[in-house]
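Here's the structure we're looking at; comments come further down.
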Amino acid sequence: MDVGEYIRKKERMKKNSESETAKYSSLSEEQLMQELFRVANASNVSNEELDAFFRNASPYLTPEQREKMKGLILQLKR
31 MDVGEYIRKK
41 ERMKKNSESE
51 TAKYSSLSEE
61 QLMQELFRVA
71 NASNVSNEEL
81 DAFFRNASPY
91 LTPEQREKMK
101 GLILQLKR
């Protein structure tokens, strides 16, 4: 991979991350919970994917909501 390809790849990754963040920032708590269960039920979601979902959604949640989300994710991991 040359330097140009590396830079383009990093830019794509940054844009993807920003679009995911924007997507979750506009959702209500209920919508976030629905999205979590939709994604989890739609496929065999790995623990890493659940953790990534939590990391992306977490900045937009109150501490109480974060704890609730963390508990739900723990249930899904079982």
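Residue numbering for the sequence shown is 31 to 108, as defined by our numbering.
Glycine included, every Cβ here is placed at the ideal spot set by N, Cα and C.
| message | I'd like the span of the alpha helix (DSSP H) that includes Asp81, first residue to last. | response | Position 51 of the sequence shown, counted from the start, is the residue given in the question as residue 81. It spans Asn77 to Ala87 - the alpha helix (DSSP H) in which Asp81 sits, taken as one unbroken run.
| field | Cα-Cα separation between Asn71 and Glu94, rounded to whole angstroms | value | Residue 71 sits at position 41 when you count from the first residue of the sequence shown. Residue 94 sits at position 64 when you count from the first residue of the sequence shown. Distance between the alpha carbons of Asn71 and Glu94: 24 Å.
| Sub-8 Å separation of Met99 and Ala87 beta-carbons | Residue mapping note: residue 99 aligns to position 69 of the sequence shown, counting from 1. Residue mapping note: residue 87 aligns to position 57 of the sequence shown, counting from 1. For Met99 and Ala87, yes; Cβs fall inside 8 Å.
| Alpha-carbon to alpha-carbon, Ala52 and Ile103 | As a working mapping, residue 103 is identified with position 73 in the sequence shown. As a working mapping, residue 52 is identified with position 22 in the sequence shown. In this model, Ile103 and Ala52 are separated by some 21 Å (Cα to Cα).
| Of all the options Leu57, Ser55 and Glu78, which has the alpha carbon lying nearest to the alpha carbon of Leu106? | Numbered from 1 along the sequence shown, position 76 holds the residue referred to as residue 106. If we check each option's Cα against that of Leu106, Glu78 comes out closest.
| task | Over the uninterrupted alpha helix (DSSP H) stretch that includes Asn158, give me the two end residues. | result | This structure gives no information on residue 158, because the portion of the chain shown stretches from 31 to 108.
| said: Alpha carbons only, please: which of Phe67, Phe84, Asn74 and Lys39 is nearest the one belonging to Met55? | reply: Working through the sequence shown from its first residue, we reach residue 55 at position 25. In the sequence as displayed, the identity of residue 55 is Ser instead of Met. Checking every option, the nearest Cα to that of Ser55 belongs to Phe84.
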